[in-house]
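K.L.:
Here's a structure for you.
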Amino acid sequence: SLAPAVKNFTLNFTITNLQFTADLEKPSSRRFKSTEKVMYHYVSLANNALLGHSSLSITHLLPSPGHFAYFHAVNRDDTGVDAMCSCRDEPSDPKFNRTTVYRELSKMTNGITKLGHYSLNSQSLYVNG
1 SLAPAVKNFT LNFTITNLQF TADLEKPSSR RFKSTEKVMY HYVSLANNAL
51 LGHSSLSITH LLPSPGHFAY FHAVNRDDTG VDAMCSCRDE PSDPKFNRTT
101 VYRELSKMTN GITKLGHYSL NSQSLYVNG
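The structure is reproduced here in structure tokens:
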């Protein structure tokens with residue numbers, strides 16, 4: 001049998017209580033690595049919650065370490081986050097639906113306001129895929 005197709009997508013959001021600094025652009029920096037570790041943890045928690053949602057075909061949402069990018073947000077004190085993710089499209093599952101992923105992530109982040117100890121810009125979540 002054929003292996004399930006892999007669908008790549010990006011989660012974009014803005015953290016309002018993590019000030020952007022140049023070292024967040026350097027994957028070798030201590031700050032990048034520690035922020036990535038925390039992001040990976042929180043996105044892992046979101047992944048576990050999404051797996052329990054029967055209408056989602058996501059069997060793997062987690063970005064791999066090294067698949068985060070940070071950038072200056074519109075408000076230069078904030079930090080924008082791109083998390084490159086993937087999911088397997090199992091033939092028996094419903095197709096990937098970014099609207100459903102968005103709604104579930106919105107619920108999990110208290111209306112796109114909290115991701116663990118990070119505060120989010122409630123207008124910043126975007127699921128591209």
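In UniProt numbering, the protein residues as written are 1 to 129. Even for Gly, the Cβ is constructed at its ideal location relative to N, Cα and C. Just so you know, these numbers come straight off a predicted model, no measurement behind them.
Quick one: what does DSSP say Ser55 is sitting in, helix, strand or coil?
P.N.:
Here residue 55 refers to the residue found at position 55 when the sequence shown is read from its first residue. Unreliable placement is indicated for Ser55, whose pLDDT of 47 sits below 50; no coordinate value is reported for it.
K.L.:
Rounded to the nearest angstrom, what separates Lys107 and Ser34 at their Cα positions?
P.N.:
Along the sequence shown, read from residue 1 onward, the residue named residue 107 stands at position 107. Along the sequence shown, read from residue 1 onward, the residue named residue 34 stands at position 34. About 26 Å.
K.L.:
Would Asn121 pass as a contact of Thr16 if the rule is Cβ separation under 7 Å?
P.N.:
On the sequence shown, position 121 is the one that residue 121 refers to. On the sequence shown, position 16 is the one that residue 16 refers to. A contact, by the Cβ cut-off of 7 Å.
K.L.:
Are Thr14 and Ser124 close, meaning C-beta to C-beta below 7 Å?
P.N.:
Position 14 of the sequence shown holds residue 14. Position 124 of the sequence shown holds residue 124. For Thr14 and Ser124, yes; Cβs fall inside 7 Å.
K.L.:
Please classify Lys37: does DSSP put it in a helix, a strand, or coil?
P.N.:
Indexing the sequence shown from 1 puts residue 37 at position 37. Looking at Lys37 - three-state DSSP - the assignment turns out to be helix.
K.L.:
Give the single residue among Arg30, Ala69, Ala83, Arg31 whose Cα lies nearest to the Cα of Ser44.
P.N.:
Residue numbering aside, residue 44 sits at position 44 when the sequence shown is read from its first letter. Out of Arg30, Ala69, Ala83, Arg31, Ala83 has the C-alpha closest to the C-alpha of Ser44.
K.L.:
Pick out whichever of Val74, Met39, Arg76, Asp78 has its Cα sitting closest to the Cα of Phe68.
P.N.:
In the sequence shown, residue 68 corresponds to position 68, counting from 1. The option with the nearest alpha carbon to Phe68 is Met39.
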